[in-house]
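Some notes on the structure that comes next.
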Amino acid sequence: MSALAGRLGHTFSQPDLLKQALTHRSFAAQHNERLEFLGDAVLNLCISHWLMQRLPGTSEGMLSRTRANLVREESLHQIAQRLQLSEALYLGEGEQKSGGRLRTSILADAVEAVIGAVYLDAGFESAQRLVLQLFEGVEISSSAQVTEKDAKTRLQEVLQAQHLALPAYQVEQIRGADHKQVFVVECRIEALQLQSRGEGQSRKAAEQQAASQMLGQLAGHAGARRGSRK
7 MSALAGRLGH TFSQPDLLKQ ALTHRSFAAQ HNERLEFLGD AVLNLCISHW
57 LMQRLPGTSE GMLSRTRANL VREESLHQIA QRLQLSEALY LGEGEQKSGG
107 RLRTSILADA VEAVIGAVYL DAGFESAQRL VLQLFEGVEI SSSAQVTEKD
157 AKTRLQEVLQ AQHLALPAYQ VEQIRGADHK QVFVVECRIE ALQLQSRGEG
207 QSRKAAEQQA ASQMLGQLAG HAGARRGSRK
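So the sequence shown is numbered by my numbering: it starts at 7 and just counts up by one.
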């Protein structure tokens, strides 16, 4: 724990926050999912601010795609490997045996949880310093490698083009054993009274599937409106 805190460059006044950030739900009731939720929001805000400074004059759409590229699960997994997070995780026996210590989704979630823990421990500026440290040296430009927009980004752009509020995502259910969890997420667009569901082995994967389903609904919704005008 102390070695990890050193790699993070942050001395915790509340060390239990770091332990909780590294605790998977298979290990204890006091796990890291709430810290992950918080860390995800802090991470997106920090990266958004950073990109606004680094890419002046860049369109909102390109900023969104570049941010999505930076905070995607695979990117966070690479950061977790640099921090050697796998060695510090608290996992249940079943999760350990099934290779959870190396699972991309678990490590990516732990990175977000650690960011959330630093935020609670010392505030936004400390969390922002950590995020900038974690992404130090990353090459950023308006032509960053974002060749394919993910479903959540495409859905956001479609709604913004129609001047509608962003969709709301909510975890409806978590099924299965700790080492074989399936997340069920609902995506809802209140203004259009539309909702969709997605499933995946991580919350992010389920959100992407729900967004993809919603894009299909929107395409059908638009087609129906065009047909009614003929």
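Backbone N, C-alpha and C fix where the C-beta goes; we use that ideal spot for every residue, glycine too.
Counted as a single uninterrupted DSSP element, the stretch harbouring A27 is not any beta strand (DSSP E) but the alpha helix (DSSP H) occupying residues 21 to 27.
In the pairwise beta carbon analysis, the stretch 189 to 196 is classified as not touching the stretch 90 to 105: fewer than three pairs are separated by under 8 Å. In this structure, L41 and G122 form a Cβ contact; the two beta carbons are roughly 4 Å apart against a cut-off of 8 Å. Annotated three-state conformation of A174 is strand, per DSSP. Taking a C-beta distance under 8 Å as the contact criterion, A174 and A197 do not qualify as a contact pair. Cβ-Cβ separation between A94 and L23: approximately 14 Å, too far for a contact (criterion under 8 Å). Taken atom to atom, the span from the alpha-carbon of R31 to that of G98 is near 8 Å.
By the neighbour-count definition (other C-beta atoms within 10 Å, threshold 16), S208 is a buried residue. Within 10 angstroms of the beta-carbon of Q215 lie 16 or more other beta-carbons, which makes it buried. Unbroken alpha helix (DSSP H) stretches of 4 residues or longer found wholly inside the stretch 85 to 130: 99 to 103, 110 to 128, given in chain order.
Distances from the alpha-carbon of A116 to those of D127, L44, T64 put L44 closest. If you ignore the 5 residues before and after Y96, its C-beta comes within less than 6 Å of the C-beta of L28, T29, F33, all in its own chain and listed in chain order. Secondary structure note for R40: its alpha helix (DSSP H) is the uninterrupted segment 39 to 60. Within a 10 Å sphere around the beta-carbon of Q26 sit 16 or more other beta-carbons, which makes this residue buried. Distance from the CA of L82 to the CA of Q223, rounded to the nearest whole angstrom, comes to 30 Å. Sixteen is the threshold: when 16 or more other Cβ atoms of the shown chains lie within 10 Å of the Cβ of G204, as they do, the residue is buried.
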